[in-house]
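Student: Residues 327 to 697 (the working numbering) make up the sequence shown, in order. The structure that follows is given in the form of structure tokens.
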Amino acid sequence: MLEGFMPLFMDRHIGLNATAKSVAEAHQMDLKIQKQFKCKALTYWYEEGKRIAFCLIEAPNKEAVEEMHRNSHGLIPNQIIEVQSNVVEFFLGRIADPAKVNHTEQFINETAFRIILFIDCKRIITKSKLSTNEKTEISAILNNVIRPALNEFDGTEVKINHDGIMASFTSISKSINCALKIQKRISEINNKLKGCEVLASIGLSSGYPFTNGNDFFGETVLLAKRLSEIAKENNIVLSNDFKNEFVRKETMSKKNLVRITNPVEEKFLNSLMELIEKVWNDEDFNVVDFGKKIGLSKAQLYRKIIALTGQSPNDFIKNYRLNRALKLLSNKHGNISEIAFETGFSTPAYFSKCFQKRFGILPSEYANSIT
Numbered sequence: 327m328l329e330g331f332m333p334l335f336m337d338r339h340i341g342l343n344a345t346a347k348s349v350a351e352a353h354q355m356d357l358k359i360q361k362q363f364k365c366k367a368l369t370y371w372y373e374e375g376k377r378i379a380f381c382l383i384e385a386p387n388k389e390a391v392e393e394m395h396r397n398s399h400g401l402i403p404n405q406i407i408e409v410q411s412n413v414v415e416f417f418l419g420r421i422a423d424p425a426k427v428n429h430t431e432q433f434i435n436e437t438a439f440r441i442i443l444f445i446d447c448k449r450i451i452t453k454s455k456l457s458t459n460e461k462t463e464i465s466a467i468l469n470n471v472i473r474p475a476l477n478e479f480d481g482t483e484v485k486i487n488h489d490g491i492m493a494s495f496t497s498i499s500k501s502i503n504c505a506l507k508i509q510k511r512i513s514e515i516n517n518k519l520k521g522c523e524v525l526a527s528i529g530l531s532s533g534y535p536f537t538n539g540n541d542f543f544g545e546t547v548l549l550a551k552r553l554s555e556i557a558k559e560n561n562i563v564l565s566n567d568f569k570n571e572f573v574r575k576e577t578m579s580k581k582n583l584v585r586i587t588n589p590v591e592e593k594f595l596n597s598l599m600e601l602i603e604k605v606w607n608d609e610d611f612n613v614v615d616f617g618k619k620i621g622l623s624k625a626q627l628y629r630k631i632i633a634l635t636g637q638s639p640n641d642f643i644k645n646y647r648l649n650r651a652l653k654l655l656s657n658k659h660g661n662i663s664e665i666a667f668e669t670g671f672s673t674p675a676y677f678s679k680c681f682q683k684r685f686g687i688l689p690s691e692y693a694n695s696i697t
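Laid out in structure tokens, this is it:
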């Protein structure tokens, strides 16, 4: 750690029997004694209706955070995790009190609840060479389609190392409308392109910065990413949290393009993906192993995966591997043989056959087309 810089912590208080005003007063109490514990109470989020608060504090360690709270107002946090300031700002929009909040009469009643939109974006090229205009159209999708839509619907792009495009929203309805706008614009671009298609599968989930784990918005991001991975191409999958909002809105007219999962499906999805993320590149892994490890018979596994993804277990494993291979090729990560073995295919020839069937082009031709 650099000299003079302290770690940054966020703590969580649940079940608070307090008003937004009394929480603001507690924050002021922290400020008065923070130096005694070598802490700096930066800001907080409090949702009065849910009785949950999150505090952001620079401190030498977690124990100092707890002792400061204990000696100022006695509200001991249920959990404390270490966080990164840039990540907090991406998700929550600030790392200090809002400018208007400078004394207890101007208190914060602002939730830390966020909606996470995750886009799994792939470009599928079915001819050996793209025109300059086609290349420009594809490469500009992030700047000309996705970022303008995020701005229009008050989304914040989360620029951290994830295999996809991610954004944070405070409004459920705006996050849904943003996803629909992106979906529509990409469809319009695909109608103009020949020999190439952009596939943007979108997942949306929602939650608080953390519940039990130590990964900031980790559970919410992971679910959004997994929902995007089971979304049909250029479709949207929403977590169950969106059910009431979606039913209320005119977006139900788009229900053929949007799907909402239920809690049972989400539980199965998480079990499914936790397994597949561990074994997907093991060429010996098969459907029989799949059923045993997940605790289902072959018939049960088939029914549940078909219902969740629209694919058989075999196709699900194969397509998961092919999608990974496509990204490796797009990033020029090795030659065809290396990628074939790395993604769990028994031979480069079998990999090429499966790749061509899935994407309409040989992997060697695809690799040449993006150079």
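In this text, a Cβ means the ideal position worked out from N, Cα and C, and glycines have one as well. Owing to the predicted nature of the structure, the values given are computational and were not obtained by experimental measurement.
Run through the stretch 362-441 for me and flag every whole alpha helix (DSSP H) of 4 or more residues, listed as ranges in chain order.
Tutor: 388-398, 411-418
Student: Assuming Val547 and Ile562 make a contact with CB atoms under 8 Å, what is their CB distance in whole Å?
Tutor: Rounded to whole angstroms, the Cβ separation of Val547 and Ile562 is 17 Å, and the two are not in contact under 8 Å.
Student: Once DSSP output is grouped into helix, strand and coil, what is the label at Ala693?
Tutor: helix
Student: If the criterion is Cβ atoms closer than 8 Å, does the pair Ser527 and Ala557 meet it?
Tutor: yes
Student: Is Leu634 helix, strand or coil by DSSP?
Tutor: helix
Student: Are Asn570 and Glu668 closer than 8 Å when you measure CB to CB?
Tutor: no
Student: If you draw a straight line from the alpha carbon of Met394 to that of Asp541, how long is it in whole angstroms?
Tutor: 24 Å
Student: Measure the alpha-carbon distance for Leu525 versus Asn397 and round it to whole angstroms.
Tutor: 55 Å
Student: Would you please state the rounded distance, in angstroms, between the beta carbons of Glu384 and Met336? I believe it to be under 8 Å.
Tutor: At roughly 11 Å, the Cβ-Cβ gap does not stay under 8 Å, so Glu384 and Met336 are not in contact.
Student: Does DSSP classify Phe533 as helix, strand or coil?
Tutor: Checking the displayed sequence, the identity of residue 533 turns out to be Gly instead of Phe. Strand, per DSSP.
Student: How big is the Cα-Cα spacing for Glu460 and Asn387?
Tutor: When rounded, the distance between both Cα atoms is 53 Å.
Student: Where does His659 fall in DSSP's three states?
Tutor: Residue state, collapsed to three classes: coil.
Student: Taking C-alpha atoms, which residue in Arg377, Glu392, Asn343, Leu334 lies nearest to Gln362?
Tutor: Glu392
Student: Would you please state the rounded distance, in angstroms, between the beta carbons of Tyr646 and Ile602? I believe it to be under 8 Å.
Tutor: With a Cβ gap of about 6 Å, Tyr646 and Ile602 count as contacting.
Student: At the level of alpha carbons, what is the spacing between Leu342 and Phe479?
Tutor: Leu342 and Phe479 have their C-alpha atoms roughly 32 Å apart.
Student: Would you be able to state if there are at least three C-beta pairs under 8 Å between the stretch 594-601 and the stretch 615-628?
Tutor: yes
Student: Quick one, are the C-beta atoms of Ile442 and Leu564 less than 8 Å apart?
Tutor: No, the Cβ-Cβ distance between Ile442 and Leu564 is not below 8 Å.
Student: Across which residues does DSSP place Ile528 in a beta bridge pair?
Tutor: DSSP output for Ile528 lists Ile445, Ile562 as bridge partner(s).
Student: How would you write the range of the alpha helix (DSSP H) that Ser348 sits in, first residue to last?
Tutor: 346-359
Student: Since Leu334 sits in a beta bridge, which residues does DSSP pair it with?
Tutor: Beta-bridge pairing links Leu334 to Glu384, Val409.
Student: If you drop the 5 nearest sequence neighbours on each side, which residues of the same chain put their C-beta closer than 6 Å to that of Leu553?
Tutor: Gly529, Val563
Student: What do you get for Ala425, buried or exposed, if any count of 16 or more other CB atoms within 10 angstroms of its CB means buried?
Tutor: exposed
Student: Using a Cβ distance threshold of 8 Å, determine whether the stretch 500-507 contacts the stretch 402-414, with at least three qualifying pairs required.
Tutor: no
Student: Under the rule that 16 or more other beta-carbon atoms within 10 Å means buried, what is Arg440, buried or exposed?
Tutor: buried
Student: Tell me the residue span of the beta strand (DSSP E) that contains Val701.
Tutor: With the chain covering 327 to 697 only, the question about residue 701 has no answer from this structure.
Student: Give the straight-line distance between the Cα atoms of Glu415 and Ile421, rounded to the nearest whole angstrom.
Tutor: 6 Å
Student: Return the CA-CA distance between Gly660 and Lys679, expressed in angstroms with no decimal places.
Tutor: 18 Å
Student: By the 10 Å Cβ neighbour count, where 16 or more other Cβ atoms means buried, how is Thr345 classified, buried or exposed?
Tutor: Classified as exposed, Thr345 has fewer than 16 neighbouring CB atoms from the shown chains inside 10 Å of its CB.
Student: Throw me the rounded Cβ distance for the Phe681 and Leu648 pair, which I believe falls under 8 Å.
Tutor: 6 Å
Student: Which partner residues does Met492 have in the DSSP bridge list?
Tutor: Phe444
Student: Quick check on the DSSP output: the alpha helix (DSSP H) that includes Ile602 runs from which residue to which?
Tutor: 589-605
Student: Rounded to the nearest angstrom, what separates Ile445 and Ser457 at their Cα positions?
Tutor: 26 Å
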